[in-house]
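What follows is one structure encoded as structure tokens, with my remarks underneath.
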Amino acid sequence: MADHRNREENGEPAWDDWDLGFRCSIESSGLPPRGAVTQINAQNWPGPWVDENDVPFPTKRRVWRRETDLTTPLEVVTTWFEGSEIQLGALVADNLREDVMRTFYTYRDLESTTVADIPPTDLA
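Following my numbering from start to finish, the sequence shown increments by one per residue and tops out at 128.
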């Protein structure tokens with residue numbers, strides 16, 4: 005905090021010149037008094053900040069994560085992948101290409117080539 009005066013010497017705006025809605029320099033008396041700012045936690049939570057959702061989030065079921073198919077031969081996976089319209093970009097490292105192709109192969113029943121084609125779900 006002691007370097008705020010050096011900012012003025014370097015031609016940068018002093019803290020007083022910043023438009024923050026209140027004065028914020030060490031010398032100013034415009035800062036909120038100690039204790040005026042309250043941290044929000046579980047004990048003093050003010051309640052929802054958004055309207056209640058008409059359809060509550062499902063709590064009885066969860067996302068079912070599939071195990072990546074490692075039993076299908078790589079040749080079969082590669083043939084399926086080449087027949088699909090999925091393209092891997094340059095950012096997929098060579099050592100991860102097989103894992104990525106197998107992940108897509110595991111979810112091949114979705115028959116989607118874009119995010120827009122994936123069936124909607126209420127699970128996140």
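Even for Gly, the Cβ is constructed at its ideal location relative to N, Cα and C.
Since the structure is predicted, the reported quantities are computational estimates derived from the model, not experimental observations.
Locate the alpha helix (DSSP H) running through residue i, then write down its first and last residues.
{"i": "Glu-115", "result": "No alpha helix (DSSP H) holds Glu-115; DSSP gives it neither H nor E."}
{"i": "Glu-79", "result": "78-87"}
Assign residue i to one of two classes, buried (16 or more other C-beta atoms within 10 Å of its C-beta) or exposed (fewer than that).
{"i": "Val-119", "result": "exposed"}
{"i": "Val-67", "result": "exposed"}
{"i": "Val-81", "result": "buried"}
Counting only the same chain and skipping the five closest in sequence on each side, list residues whose C-beta sits under 8 Å from that of residue i.
{"i": "Tyr-111", "result": "Arg-70"}
{"i": "Leu-74", "result": "Arg-106"}
{"i": "Trp-84", "result": "Tyr-109, Arg-112"}
{"i": "Val-104", "result": "Leu-92, Val-96"}
Got a sec? Which residues, its chain only, sit under 6 Å from residue i by beta carbon, not counting five neighbours each side?
{"i": "Thr-72", "result": "Arg-106, Thr-107, Thr-110"}
{"i": "Asp-121", "result": "none"}
Is there at least one Cβ from chain D nearer than 8 Å to residue i's Cβ?
{"i": "Glu-86", "result": "Of the protein chains in the structure, only one exists, and it is not chain D."}
Given a cut-off of 8 Å on the beta-carbon distance, is the pair residue i and residue j in contact?
{"i": "Pro-123", "j": "Leu-114", "result": "yes"}
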